[in-house]
Amino acid sequence: MSLLIKNGTVVTAADLHRADVLIEGERVKAIGHDLNAEGAEVIDAKGMFVMPGGIDPHVHLDMPFMGTFSSDNYETGTRAALHGGTTTVIDFILQTQGKSLRHALEQWQGRMNGNLFGDLSWHMAVTDFNDDTKKEVKEMIEQEGITSFKTFMAYKGALMIDDRQMVGLMNEVKEHGGIVTVHATNGDMIDFLVQKHRSEGKMAPLYHYLSQPEITEAEATGRFADMASYTGVPAYIVHMTCEGALNHVRDAARRNQRVLAETCIQYLLLDASLYEKPDGAKWVMSPPLREKKDQAALWGAIDQGTVQVVATDHCPFMMAQKAMGSADFSKIPNGHPAIEHRMELLFSEGVNKKRITLNKFVEVTATNPAKIFGMFPRKGTIGIGSDADIILLDPNEKHTLSAKTHHMNVDYSGYEGMQLTGKVKTVILRGQVAIDKGEVKIKKGYGQFVKRNKVSGML
Ligand code: URP
Ligand code: ZN
Ligand code: ZN
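Counted from 1, the sequence shown has number 305 at position 306 by numbering that gives the first Met the number 0; the numbering is strictly sequential.
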């Protein structure tokens, strides 16, 4: 089966040109002017940007966390992602302390198998690095195509590892060609501040924010960068929120070390004043939303290339789940829904408001995640032979975000009533129209698990 996308403006991280795109089977066959293909279904993309499908390398679907599960599963989460133009996501497997990585992998496979609408891969979160886990790193990379290993320097008593484990893991991952990623905040400092606030009877969502000041993130970022420099492992910091952390990445660059950094759409657009609202629990996530000066620093860092990826850290919870912490901020499940709207939010607020170029948009939403995590050039670009993961975006269509109309399985929106300009109209996943004008055109199970290649940590 062939598809021919005609009359659009094709945008990649490097190019922007009027061209037609011919798709045969799952792949891009040709890009050129006035293409014709007998029997091909023609899609008219006049007035549209034709761009690579988004890759969101930071989502948590059906994840057991803080006594509950994130409310989007593999079905609802990957479908909502497709609605917003994200064709591939990278989700997290969490090792149970005392158990093997293989044990965790099998649990996650059980939840995922047969349920995907969009394509998906996994990071392996190592929460207990020991001699047994050490042996499994090579196996994950070479047999399973899971080439990235997530670590937590926070969530003390649950997911956090210490520096000894971190260095051990880094050595092993470097040897076998993977990358170590990190939630970089100082878990001991945060634990101290959480207990201090609770003992003083300070239980409101605002104290979630006040228990994770900027210094907790800056310190851990610097420490992680130092350990990565010492071991030489490719290093990637997830959900960076603040100027202090960015400055540690810049310090690393001064000694010629490359530390890759991701921010998330909410840290660019929302700020900590939301924690003073009565429904502040909606935005309880870790790290917390920060200040306007941090938003400015993050936009600047994207422009400069210090931050290479804009993800979501999609980890939704229903309001009833958020209410588990109504009397104590430390019991509010941490996380926020965003998988559906990352692309449209960044287009509207980034490209349309001239904070970033169209090429940068493609770079941070698709090409860089594909390169960093071993999927390029199969994914992350529109090139001959690449998977035909393509979106058509109307840059002028206006729409309003709301829980009433979104497709995520969560009963609120962190952006309720926000007006955007620019809408994803058609989404193609491996040569199949998956979404057209809001309608789903594929069946559950079409999405595939993506085995990834070894990574260099370079772009
Ligand atoms: O609040 C968050 N970010 N929840 C998901 C887990 C994590 O730390 O990424
Ligand atoms: Zn995190
Ligand atoms: Zn996360």
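Backbone N, C-alpha and C fix where the C-beta goes; we use that ideal spot for every residue, glycine too. Note that the structure is a prediction, hence the values are computed from the model and not measured.
Asked                                                                                                                                                             : Found
Can you tell me whether residue 27 is helix, strand or coil according to DSSP?                                                                                    : strand
Taking the straight line between their C-alpha atoms, what separation do you get for residue 364 and residue 357?                                                 : 11 Å
So is the beta-carbon of residue 241 under 8 Å away from any non-hydrogen atom of ligand 1?                                                                       : no
Please classify residue 289 as buried or exposed, where buried requires at least 16 other C-beta atoms within 10 Å of its C-beta.                                 : buried
Check whether the segment 87–106 touches the segment 342–351, counting contact only when three or more Cβ pairs, one atom from each stretch, lie closer than 8 Å. : no
Using alpha carbons as the reference points, say which of 314, 430, 147 and 229 lies closest to residue 166.                                                      : 229
For the candidate residues 161, 331 and 25, whose alpha-carbon lies nearest to that of residue 219?                                                               : 161
Would you call the segment 421–432 and the segment 382–396 touching, i.e. three or more CB-CB distances under 8 Å?                                                : yes
Where DSSP assigns a beta bridge to residue 125, which residues make up the other side?                                                                           : DSSP, once it has assigned bridges, lists no residue as partnering residue 125.
Going by Cα to Cα distance, which pick from 73, 24 and 5 is closest to residue 17?                                                                                : 5
What are the partner residues of residue 263, as DSSP defines its beta bridges?                                                                                   : 310
Where do the ends of the alpha helix (DSSP H) carrying residue 396 lie?                                                                                           : Run containing residue 396: none in the alpha helix (DSSP H); it sits in the beta strand (DSSP E), 389–399.
What separation, rounded to the nearest whole angstrom, lies between the Cα atoms of residue 233 and residue 206?                                                 : 34 Å
Could you tell me whether the Cβ atoms of residue 120 and residue 451 are closer together than 9 Å?                                                               : yes
In whole angstroms, what separates the C-alpha of residue 442 from that of residue 222?                                                                           : 45 Å
Report the rounded CA-to-CA distance for residue 175 versus residue 453, giving the unit in angstroms.                                                            : 8 Å
With distances taken Cα to Cα, identify the nearest neighbour of residue 15 among 107, 137, 50 and 81.                                                            : 50
Out of 342, 408 and 264, which has the shortest C-alpha to C-alpha gap to residue 84?                                                                             : 342
Where in the segment 179–264 do unbroken runs of the beta strand (DSSP E), each at least 3 residues long, occur, reported from the N-terminal end onward?         : 234–236 and 258–263
Just the C-alpha distance for residue 281 and residue 293, rounded to the nearest angstrom, thanks.                                                               : 20 Å
DSSP puts residue 418 in a beta bridge; with which residues?                                                                                                      : 399
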